[in-house]
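**Q** Residue numbers (mature numbering (1 follows the signal peptide of the UniProt record, and there is no 0)): -16 to -1, 1 to 390.
Take this structure first; my questions come after.
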Amino acid sequence: MLKTTLLMTSAILLMAACGETPAPEEDTTPAEDSMEMSETDMASADAGEEELSDAERYELETSGEFTEADYIAQPLVTEIYTADPSVHVWDDGRVYVYPSHDVDTGIPQDDLGSQYDMKDYIVLSMDEPGGEVTIHDVGLHVDDVPWARDKMWAPDAAEKDGKYYLYFPAKDYDGIFRIGVASSDSPTGPFTAEESWIEGSYSMDPSVFEDTDGTYYMYVGGIWGGQLQRWTTGEYDDSPDLNQEDLEADEPALVPYVAKMSDDMLSYAEEPRDVLLLDENGEPLKAGDNDRRFFEAAWVNKINGTYYMSWSTGDTHKIVYGTSDSPYGPFTYQGVVNLPVQGWTNHHSIFEYEGQYYLAYHDTQLSGVNHLRNVKITPLTINDDGTIEPVDPFFGDDVTVENYND
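If you want it as structure tokens, here you go:
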């Protein structure tokens, strides 16, 4: 297994604690450029069972050079870069992946994600998880969306009465993120976009959940580049200094919003409402609780009658989850779904295939570059008590200092 060093980056830790984590470097740092371990660190490693802190894990997983054997899953495709996978199993029994299509446009990296300048959507499909993957033709391009200027970020899809709907964020010609919808008679497109965005929509990362009674709900939101912090008054705030959430650490964190979909799946049937995310004491998760607070990528499942919302913590690089007895929430925090992956972003979906749950996620195994990612799928364990076993994208079982230095 790869030998690497335990590096602690105090500046990153300090800024993360203040909610001011800087944008990461584009390329991962080669292991051979790392400092050698001190005698103290070697002694700590020899202890064997010391658990890695989140910061140590992230430093290792994003700074090391890894072989295929070091990852628990491999990219679905290598011909194109893909990210933000929304996975569905439609009535034909195939597995369909609706990802972002990463490209390198040469835009400098910043905390607003300007470098993520995707232009189109390409659907992937397979007979079963682990099966041969088909890369379909372009399903929708930004040039075919009348209102959209750029930034075709993380999409989702839904099916109703034999028609397929692709939901996507994009910036309009004023630079404001909106949520669009396009439809097709085929799950892989081509999709025809509506003339305008969904009225009342804003921010990014739409996901659509179909409840067991046939009702559809859309969940939306992302902070920083996703602009959720610009809508706290109900109107868009274009202040140049509002690129991050303007909250004290002990204030309730920003949360995604939810709206029931109309019968035609093209609009909201109600005013969007906030989805409350609570801690174990029933209090709203706080803005300074970076390990648990909402950043982006809300996704909802219903498992054994309980609603699960999972989301990305952003600058602490995890996928976490909460549970509720209502699709509107509130959702009470329960634990971690996915530990930090290689690369800065962590965005996912959870789906079931023939009684087995799976986690779809992305990392940067192919490129080592944060905005050129690749989608993966791995089995997910739901315990008898309803808890989710955290997925470690590296090495499999429990990760200790010894694991990383064997």
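All C-beta atoms in this analysis are idealised placements derived from N, C-alpha and C, irrespective of residue type, glycine included.
Quick caveat, the model's predicted, so the values are computed rather than measured.
I need the DSSP call for methionine -9, collapsed to helix, strand or coil.
**A** Legend: pLDDT at methionine -9 = 34, less than 50; position of this residue unreliable, value from coordinates given subsequently. It is coil, neither helix nor strand.
**Q** Can you tell me which of Ser167, Asp368, Arg277, Gln318 puts its alpha carbon nearest to the alpha carbon of asparagine 288?
**A** Asp368
**Q** Identify whether aspartate 111 lies in helix, strand or coil by the three-state DSSP scheme.
**A** coil
**Q** Taking the alpha carbon of glutamate 280 as the reference point, which residue from Val117, Ser185, Pro190, Met110 has its own alpha carbon closest?
**A** Pro190
**Q** Could you check if glycine 146 is buried or exposed, using at least 16 other CB atoms within 10 Å of its CB as the buried criterion?
**A** exposed
**Q** For the segment 346 to 354 against the segment 312 to 331, do three or more pairs of beta-carbon atoms, one drawn from each stretch, fall closer than 8 Å, so that the two count as touching?
**A** yes
**Q** Distance, Cα to Cα, alanine 132 vs alanine 154?
**A** Using only the alpha carbons, I get a separation of about 6 Å.
**Q** Can you tell me whether DSSP reads glutamate 52 as helix, strand or coil?
**A** helix
**Q** So the beta strand (DSSP E) tryptophan 215 belongs to, where does it begin and stop?
**A** Careful: tryptophan 215 lies outside any beta strand (DSSP E) and carries neither H nor E.
**Q** Looking at tyrosine 148: is its Cβ nearer than 8 Å to the Cβ of serine 109?
**A** Their beta carbons are not under 8 Å apart, which means tyrosine 148 does not touch serine 109 by this criterion.
**Q** Mind checking who glutamate 280 pairs with in its DSSP beta bridge?
**A** Gly206, Ser296
**Q** Going straight from the alpha carbon of methionine 245 to that of aspartate 101, what length do you get?
**A** 28 Å
**Q** Relative to the alpha-carbon of valine 165, which residue among Tyr157, Tyr65, Asp258, Ala142 has its alpha-carbon at the smallest distance?
**A** Ala142
**Q** Taking the alpha carbon of aspartate 128 as the reference point, which residue from Gly97, Ser167, Phe161 has its own alpha carbon closest?
**A** Ser167
**Q** For valine 242 versus methionine 202, is the C-beta spacing smaller than 8 Å?
**A** yes
**Q** Rounded to a whole number of angstroms, what is the C-alpha to C-alpha distance between tryptophan 208 and histidine 346?
**A** 20 Å
**Q** If distances are taken between C-alpha atoms only, which option among Ile56, Glu40, Asp68 comes closest to arginine 357?
**A** Asp68
**Q** One question on the structure: do isoleucine 163 and valine 204 come within less than 8 Å of each other, judged by their Cβ atoms?
**A** yes
**Q** CB leucine 238 to CB phenylalanine 315, shorter than 8 Å?
**A** Cβ distance not < 8 Å, so leucine 238 and phenylalanine 315 don't count as in contact.
**Q** Rounded to whole angstroms, what's the CA-CA distance from serine 185 to aspartate 299? Just pull it up for me.
**A** Serine 185 and aspartate 299 have their alpha carbons spaced roughly 25 Å apart.
**Q** Which of helix, strand or coil does DSSP assign to valine 87?
**A** coil
**Q** Go ahead and label isoleucine 91 buried or exposed: buried means 16 or more other beta carbons lie within 10 angstroms of its beta carbon, across all protein chains shown.
**A** exposed
**Q** To the nearest angstrom, report how far apart threonine 362 and isoleucine 56 are at their CA atoms.
**A** Using only the alpha carbons, I get a separation of about 8 Å.
**Q** Hey, out of Asp197, Phe161, Ile64, Ser170, whose CA is closest to serine 180's CA?
**A** Closest by alpha carbon: Phe161.
**Q** For asparagine 274, tell me which candidate among Tyr291, His301, Glu255 has the shortest Cα-Cα distance.
**A** Asparagine 274 has its Cα closest to that of His301, out of Tyr291, His301, Glu255.
**Q** Give the DSSP bridge partners of tyrosine 105, in chain order.
**A** Leu124
**Q** Helix, strand or coil for glutamate 40 per DSSP?
**A** helix
**Q** Once DSSP output is grouped into helix, strand and coil, what is the label at serine 310?
**A** Three-state DSSP puts serine 310 in coil, outside helix and strand.
**Q** Using the Cα positions of alanine 282 and leucine 323, report the straight-line distance between them to the nearest angstrom.
**A** Answer to the nearest angstrom: the Cα atoms are 16 Å apart.
**Q** Could you tell me if glycine 266 is buried or exposed, where buried requires 16 or more neighbouring beta carbons within 10 angstroms of its beta carbon?
**A** Result: exposed.
**Q** Just to confirm my understanding: we take proline 59, look at its own chain, exclude 5 residues before and 5 after, and list those with CB closer than 7 Å. What are they?
**A** Gln349, Leu350, Asn358, Val359, Lys360
**Q** What does a CB cutoff of less than 7 Å around proline 83 pick up in its chain, not counting 5 residues either side in sequence?
**A** Thr66, Ala67, Asp68, Pro69, Leu108, Val359
**Q** Take the Cβ of proline 224 as the centre, count every other Cβ of all protein chains shown within 10 Å, and call the residue buried at 16 or more, exposed below.
**A** exposed
**Q** In whole angstroms, give me the CA-to-CA distance for glutamate 63 and glutamate 264.
**A** 44 Å
**Q** Measure from the alpha carbon of glutamate 235 to the alpha carbon of each residue in Thr217, Leu269, Arg214, then state which is nearest.
**A** Leu269
**Q** State yes or no: is the C-beta of tyrosine 252 within less than 8 Å of the C-beta of valine 192?
**A** no
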